[in-house]
Amino acid sequence: MFFKEFEIRWSDTDANRHLANSAYINFMSHTRMAYLGLLGFNQKSMGAHNIGPVVFYEHVYYFKEAFPGMPVRVSLEFVGMSKDGKFFEFRHNFYDQNGKNFARCEMMGAWIDLKSRKLTGLPDEFLNSFESMEKAEDFKILTKEDTRKHVQVPKDIEIL
């Protein structure tokens with residue numbers, strides 16, 4: 001399992017003086033991109049293939065508060081991917097300095113072609129990188145149907 005370490009800064013807190021939900025999202029994103037960077041996914045390589053990651057959802061479950069100055073370890077588990085690499089799913093856990101789990105997140109995303117603005121599978125070199133990645137015990141091959149398990153449909157309002 002991959003871990004990234006952080007320290008909660010004053011700017012990571014909200015009005016309740018604990019870790020803000022936006023900071024959780026930032027810590028997770030930074031953890032994912034740090035790991036993907038180790039696999040060869042970076043601005044240069046993604047730019048060469050004209051692809052970028054998009055997030056479908058991030059469901060965060062909070063178990064206990066976290067406060068400024070507290071060291072935080074964020075894990076990354078590879079939970080699923082479609083055969084063509086188009087869809088991916090990760091799980092993050094947040095741990096304090098004693099290894100106590102204080103939050104968890106389930107997230108799903110996909111890769112987008114930055115020219116066509118449509119979802120796309122991964123080039124072979126990136127697919128091969130994911131093949132070497134350690135998989136969670138509950139890893140599964142994702143299908144398009146898996147991306148619809150939390151379907152939300154936009155409801156526009158009429159502007160007068």
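Residue numbers (UniProt numbering): 1 to 160. Where a beta carbon is used, it is the ideal one built from N, C-alpha and C, also for glycine. In this text the structure is predicted, and so the values were computed from the model without any measurement.
Cross-strand partners of residue i (DSSP beta bridge)
i	result
residue 82	142
residue 56	For residue 56, which the question treats as bridged, DSSP gives no partner whatsoever.
residue 92	105
residue 110	54, 87
residue 135	78
residue 19	13
residue 118	113
residue 73	5, 95
C-beta atoms of residue i and residue j nearer than 8 Å
i	j	result
residue 142	residue 45	no
residue 109	residue 154	no
residue 119	residue 112	yes
residue 139	residue 103	no
residue 87	residue 146	yes
residue 24	residue 60	yes
Closest by C-alpha distance to residue i, when choosing among the options
i	options	result
residue 27	43, 9, 16, 17	9
residue 84	115, 129, 58	129
residue 181	65, 91, 67, 64	Residue 181 lies beyond the residue range present for the chain, which begins at 1 and ends at 160; the question has no answer from this structure.
residue 78	146, 149, 5, 133	133
residue 33	19, 137, 99, 2	2
residue 125	6, 16, 49	49
residue 136	106, 114, 159	106
residue 65	18, 152, 151	18
residue 148	158, 57, 35, 114	57
residue 5	20, 117, 101, 31	31
residue 115	12, 100, 47	47
residue 29	127, 93, 69	93
Exposed unless 16 or more other CB atoms sit within 10 angstroms - verdict on residue i
i	result
residue 80	buried
residue 72	buried
residue 41	buried
residue 76	buried
residue 51	buried
residue 15	exposed
residue 156	exposed
residue 67	exposed
residue 36	buried
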